[in-house]
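I have placed the structure first, in the form of structure tokens, so that the comments after it can refer back to it.
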Amino acid sequence: MAVRPDGTVWAWGYNAYGQLGDGTSSQHPVPVAVPGLSGVVSVAAGSNHSLAVRSDGTVWAWGYNAYGQVGDGTTSRRPVPGAVQGLSGVVAVAAGDSHSLAVRSDGTVWAWGNNSSGQVGDGTTSQRTVPVAIQGLSGVVAVAAGDSHSLALRSDGTVWAWGYNYSGQVGDGTTSQRTVPVAVPGLSGVVAVVAGQSHSLAVRSDGTVWAWGDNAYGQLGNGTTSRRLVPGAVPGLNGVVALAARSNHSLAVRSDDTVWAWGYNYRGQLGDGTTSQRTVPVAVQGLSGVVAVAAGHSHSLAVRPDGTVWSWGHNAFGQLGNGTTSRRLVPGAVQSVSGVEAVAAGQSHSLAVRSDGTVWAWGYNAYGQLGDGTTSQRPVPVTVPSLSGVEAVAAGSNHSLALRSDGTVWTWGYNYSGQVGDGTTSQRTVPVAVPGLSGVVAVAGGHSHSVALRSNGTVWAWGANGNGQVGDGTRTRRLVPVAVQGLSGVVAVAVGQSHSLALRSDGTVWAWGYNYSGQLGDGTTSQSTVPVAVPGLSGVVAVAAGQSHSLAVRSDGTVWAWGDNGSGRLGDGTTGRSLVPGAVQGLSGVVAVAAGDSHSLAVRLDGTMWAWGANAYGQLGDGTTSQRTVPVAVPGLSGVVAVTAGYNHSLMVHSDGIMRGWGSNEDGQIGDGGPTDYAYTPVLSLF
Numbered sequence: 005m006a007v008r009p010d011g012t013v014w015a016w017g018y019n020a021y022g023q024l025g026d027g028t029s030s031q032h033p034v035p036v037a038v039p040g041l042s043g044v045v046s047v048a049a050g051s052n053h054s055l056a057v058r059s060d061g062t063v064w065a066w067g068y069n070a071y072g073q074v075g076d077g078t079t080s081r082r083p084v085p086g087a088v089q090g091l092s093g094v095v096a097v098a099a100g101d102s103h104s105l106a107v108r109s110d111g112t113v114w115a116w117g118n119n120s121s122g123q124v125g126d127g128t129t130s131q132r133t134v135p136v137a138i139q140g141l142s143g144v145v146a147v148a149a150g151d152s153h154s155l156a157l158r159s160d161g162t163v164w165a166w167g168y169n170y171s172g173q174v175g176d177g178t179t180s181q182r183t184v185p186v187a188v189p190g191l192s193g194v195v196a197v198v199a200g201q202s203h204s205l206a207v208r209s210d211g212t213v214w215a216w217g218d219n220a221y222g223q224l225g226n227g228t229t230s231r232r233l234v235p236g237a238v239p240g241l242n243g244v245v246a247l248a249a250r251s252n253h254s255l256a257v258r259s260d261d262t263v264w265a266w267g268y269n270y271r272g273q274l275g276d277g278t279t280s281q282r283t284v285p286v287a288v289q290g291l292s293g294v295v296a297v298a299a300g301h302s303h304s305l306a307v308r309p310d311g312t313v314w315s316w317g318h319n320a321f322g323q324l325g326n327g328t329t330s331r332r333l334v335p336g337a338v339q340s341v342s343g344v345e346a347v348a349a350g351q352s353h354s355l356a357v358r359s360d361g362t363v364w365a366w367g368y369n370a371y372g373q374l375g376d377g378t379t380s381q382r383p384v385p386v387t388v389p390s391l392s393g394v395e396a397v398a399a400g401s402n403h404s405l406a407l408r409s410d411g412t413v414w415t416w417g418y419n420y421s422g423q424v425g426d427g428t429t430s431q432r433t434v435p436v437a438v439p440g441l442s443g444v445v446a447v448a449g450g451h452s453h454s455v456a457l458r459s460n461g462t463v464w465a466w467g468a469n470g471n472g473q474v475g476d477g478t479r480t481r482r483l484v485p486v487a488v489q490g491l492s493g494v495v496a497v498a499v500g501q502s503h504s505l506a507l508r509s510d511g512t513v514w515a516w517g518y519n520y521s522g523q524l525g526d527g528t529t530s531q532s533t534v535p536v537a538v539p540g541l542s543g544v545v546a547v548a549a550g551q552s553h554s555l556a557v558r559s560d561g562t563v564w565a566w567g568d569n570g571s572g573r574l575g576d577g578t579t580g581r582s583l584v585p586g587a588v589q590g591l592s593g594v595v596a597v598a599a600g601d602s603h604s605l606a607v608r609l610d611g612t613m614w615a616w617g618a619n620a621y622g623q624l625g626d627g628t629t630s631q632r633t634v635p636v637a638v639p640g641l642s643g644v645v646a647v648t649a650g651y652n653h654s655l656m657v658h659s660d661g662i663m664r665g666w667g668s669n670e671d672g673q674i675g676d677g678g679p680t681d682y683a684y685t686p687v688l689s690l691f
């Protein structure tokens, strides 16, 4: 898990017990947002449950709960966060295998969950499903939880321990189980404690590390594999400022920001490029500037000052967060890219432009529509090479367009009908320039045709033209751009499967191409090879086109729709087509719209998102597969600044540049790394 500066929590990896908190039991090889949590200041991960502390001092928990470790008074599994009962003023938490600890601002410690070895510390071995106070402890500033033992650090620098003690992990010189805290002798001036499965570590104010307990794999770092019943120094380590331990390996961050590791290494969790266990600390390769570390069962994490997360070790469940399930013997970055400024969605692929002008693509790629020189499907974003200075992107069914800041247009992907616009019908797996176009300010892609708007207000089009969608008065396909007849003063364009829309500066809308379902909005079902005015519309500020329906936003914030209405995509409460524009029910304050194959999306001025139409793949994001004939809110979304709709999937960009997606994901078009074929609520894309 990770906490971002905005107080949101993100999780990835194994999820059979709901420990990722996203309401599912699907593992995630890349980070997903934990819904319903905000203002979080710290998190802790147990074996299969999770804890979070919010800025208001409350604790929230989720995941496996057979022993009451979630603290909600039950033993029922929780797939989403819920408040831990009766706790307030909490400043720190820790999670063991199946028990939980919390420190309150008054220095008291509270515990709950499995207590078979006395790890709750209340003098009994009775399981606790809600927090109980640990008697005799005060002035505590930090806690740590091992598999079945617990540690507490007091403000006077002493350490106290309780619970299972077979390997000496309590540190009191015995192997007797302790159901109440006992002092760990010989330790003073301690500033931090951590607990592994059956071993314990402490950092003293002089930067030295002390360890005790199980040592079968060298996890005490003293050059032996003999257990220690009392603390002993880890030789050769000094200047340590942070520690982490889990299972049978240990990590330390030194004041020079390097990371050192020791102990079990079968999965590469030590990050030294080998799988050899280490009984003394070794440097983790290639990491510098580290400010924090964490240890999983067989994997490790580090945070750098730039906010990036690095991971290494075991990865069978995607716990490294890099979109794969392959282990790593040295650190690699957890995949997560922000700074998105624009997005576009094709039939089964997606595009994004970052603030640095680069283009990223993911999803279906049989025709090279991702532009990376291959035809390999990508469930996580890959950069489109050789493109820079890009300001906008558009996606047809299986081809892609990019507009550069110099006004040129670049295209790639499927080209059977000439939709790439390079004068050929050859498929392109990398971007090529569209000849003869300059001064372009906007682009759009249809099923097999493309449209560009130039700064002089004229519109140019190319590709398939059997239904007049190019708008040049013919039905002849065009392999290079031609001017759309009779249009000037255009400020925006949109393209459906086989029809096109243009918005003029006077607020009128013009349409051309296929019209079987009334998508041209002129009151007929006759196709038109040249633009015709959409009657009854004025003051329009934005347009969008689906497969066979059209949308417009007026300056008063209302949305108008026309054309095919299967599944309710017009949002008027019916499923009957409309040959002229009609108002979408119950929407006001709208600033942007998008249209997919059979669904529609709208963003309101308050940053909320609304959806309607077909929903068999979850493309409406409301957690169901029920079609909606009137708009419904997409839950959990705020601060939305951009939206786009693919054939059966949807994408949005948040004001912080982070992107989420939902709907069909069979080809990886949501960009969350899979393996889920469908997402019924928004999940984090890797942007």
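For what it's worth, my numbering labels the leading residue of the sequence shown as 5, then goes sequentially. A virtual CB, placed ideally from N, CA and C, is assigned to each residue, including glycine.
Using DSSP with H/G/I as helix, E/B as strand and the rest coil, what is S571?
-> Here the question's residue 571 lines up with position 567 in the sequence shown. S571 falls in the helix class under three-state DSSP.
Below 9 Å between beta carbons: does that hold for V188 and W164?
-> Within the sequence shown, the letter at position 184 stands for residue 188. Within the sequence shown, the letter at position 160 stands for residue 164. Yes, the pair counts as a contact, with Cβ atoms nearer than the cut-off.
For H32, is the beta carbon positioned less than 8 Å from some heavy atom of the ligand MN?
-> This structure lacks the ligand MN, and indeed carries no ligand of any kind.
Under a Cβ-count criterion, where at least 16 other Cβ atoms within 10 Å of its own Cβ denotes burial, should L609 be classed as buried or exposed?
-> Counting from one through the sequence shown, the residue named residue 609 turns up at place 605. Counting Cβ neighbours within 10 Å, L609 comes out exposed, since fewer than 16 surround it.
M5 by DSSP, collapsed to three states: which one?
-> Counting from one through the sequence shown, the residue named residue 5 turns up at place 1. Note: M5 maps to coil in three-state DSSP.
Segments of 3+ residues assigned as beta strand (DSSP E) that fall wholly inside the segment 192 to 242 | 194 to 199, 203 to 208, 213 to 217 and 232 to 237
Using alpha carbons as the reference points, say which of T28, S259, L555 and V107 lies closest to A3.
-> Since the first residue of the chain shown is 5 and the last is 691, residue 3 is not available in this structure.
Burial state of G150, where buried means 16 or more other Cβ atoms lie within 10 Å | Residue numbering aside, residue 150 sits at position 146 when the sequence shown is read from its first letter. G150 comes out buried.
Do A98 and A48 have their C-beta atoms closer together than 9 Å?
-> Taking the first residue of the sequence shown as position 1, residue 98 is located at position 94. Taking the first residue of the sequence shown as position 1, residue 48 is located at position 44. Yes. Within cutoff.
Counting along the chain, where does the beta strand (DSSP E) carrying H301 start and finish?
-> As a position in the sequence shown, residue 301 is number 297, starting the count at 1. Here H301 belongs to no beta strand (DSSP E), and DSSP marks it neither H nor E.
Take D160 and list the residues in its own chain whose beta-carbon comes closer than 7 Å to its own, dropping the five residues that flank it on each side.
-> Residue numbering aside, residue 160 sits at position 156 when the sequence shown is read from its first letter. Excluding positions up to five away in sequence, the list reads G143.
What's the gap between the Cα of G490 and the Cα of D601?
-> If you number the sequence shown from 1, residue 490 lands on position 486. If you number the sequence shown from 1, residue 601 lands on position 597. Going by the C-alpha atoms only, they are around 29 Å apart.
Measure the beta-carbon distance from G517 to H503 and round it to whole angstroms, keeping in mind my assumption that it falls under 8 Å.
-> The residue given as residue 517 occupies position 513 in the sequence shown. The residue given as residue 503 occupies position 499 in the sequence shown. Right, their Cβ atoms sit about 4 Å apart.
Between G617 and the rest of its own chain, which residues show a CB-CB distance below 6 Å, the 5 nearest in sequence each way excluded?
-> Residue 617 sits at position 613 when you count from the first residue of the sequence shown. These residues qualify, in order along the chain: S571, G572, R573, S602, H603 and S604.
Euclidean distance between Cα positions of H403 and G450 | Locating residue 403 in the sequence shown gives position 399, where the first residue counts as 1. Locating residue 450 in the sequence shown gives position 446, where the first residue counts as 1. Each residue's alpha carbon lies about 9 Å from the other.
Measuring alpha carbon to alpha carbon, tell me which of V594, G227, S668 and V497 ends up nearest V625.
-> Looking up residue 625 in the sequence shown gives position 621. For clarity, residue 625 is Gly in the given sequence; the question names Val instead. Among V594, G227, S668 and V497, the Cα nearest to that of G625 belongs to S668.
Report yes if the CB atom of A565 is closer than 9 Å to the CB atom of A349, and no otherwise.
-> Position 561 of the sequence shown, counted from the start, is the residue given in the question as residue 565. Position 345 of the sequence shown, counted from the start, is the residue given in the question as residue 349. Result no, Cβ atoms of A565 and A349 do not sit closer than 9 Å.
Indicate whether A549 and G580 have their beta-carbon atoms separated by less than 9 Å.
-> Looking up residue 549 in the sequence shown gives position 545. Looking up residue 580 in the sequence shown gives position 576. No, Cβ-Cβ distance for A549 and G580 is not below 9 Å.
Outcome for T12 when other beta-carbon atoms lying within 10 angstroms are tallied against a minimum of 16 = Walking along the sequence shown from the start, residue 12 turns up at place 8. By the neighbour-count rule (16 or more Cβ atoms within 10 Å), T12 is buried.
Separation of V313 from Y268, as counted between CA atoms = Here residue 268 corresponds to residue number 264 of the sequence shown, with the count starting at 1. Here residue 313 corresponds to residue number 309 of the sequence shown, with the count starting at 1. Cα to Cα, the separation comes out at about 22 Å.
Where the beta strand (DSSP E) containing A370 begins and where it ends = For the purposes of this step, residue 370 is taken as residue 366 along the sequence shown, with counting starting at 1. First-last for A370: undefined, no H or E at that position.
Does the separation of the CB atoms of G675 and V384 fall below 9 Å?
-> In the sequence shown, counting from the first residue as 1, residue 675 sits at position 671. In the sequence shown, counting from the first residue as 1, residue 384 sits at position 380. Going by C-beta atoms, G675 is nearer than 9 Å to V384.
Select from G672, E670, L655 and D671 the residue whose C-alpha is nearest the C-alpha of R664.
-> Residue numbering aside, residue 664 sits at position 660 when the sequence shown is read from its first letter. Among G672, E670, L655 and D671, the Cα nearest to that of R664 belongs to L655.
Please determine, among Q31, G27, G22 and V7, the residue with the shortest C-alpha to C-alpha distance to R58.
-> The residue you call residue 58 lines up with position 54 of the sequence shown. The shortest C-alpha separation from R58 is found at V7.
G111 versus V344: straight-line alpha-carbon distance, rounded = By one-based count along the sequence shown, residue 111 stands at place 107. By one-based count along the sequence shown, residue 344 stands at place 340. C-alpha separation (whole angstroms): 43 Å.
Thinking V288 and G275 are a contact (beta carbons under 8 Å), I'd like their distance in whole angstroms, please.
-> Position 284 of the sequence shown, counted from the start, is the residue given in the question as residue 288. Position 271 of the sequence shown, counted from the start, is the residue given in the question as residue 275. Yes, they are in contact, since the Cβ atoms of V288 and G275 sit about 4 Å apart, within 8 Å.
Where in the segment 601 to 667 do unbroken runs of the beta strand (DSSP E), each at least 3 residues long, occur, reported from the N-terminal end onward?
-> 603 to 608, 613 to 617, 632 to 637, 644 to 649 and 653 to 658
Reducing DSSP to helix, strand and coil, say where V341 ends up.
-> Taking the sequence shown and counting its residues from 1, one reaches residue 341 at position 337. Residue placement at V341 cannot be trusted, given a pLDDT of 45 that sits under 50; the coordinates are not used to answer.
Within 10 angstroms of its Cβ, does G217 collect 16 or more other Cβ (buried), or is it exposed?
-> Position 213 of the sequence shown, counted from the start, is the residue given in the question as residue 217. That one is buried.
How is the beta strand (DSSP E) around R271 delimited, first residue to last?
-> The residue you call residue 271 lines up with position 267 of the sequence shown. Note, R271: premise wrong, no beta strand (DSSP E); not H, not E.
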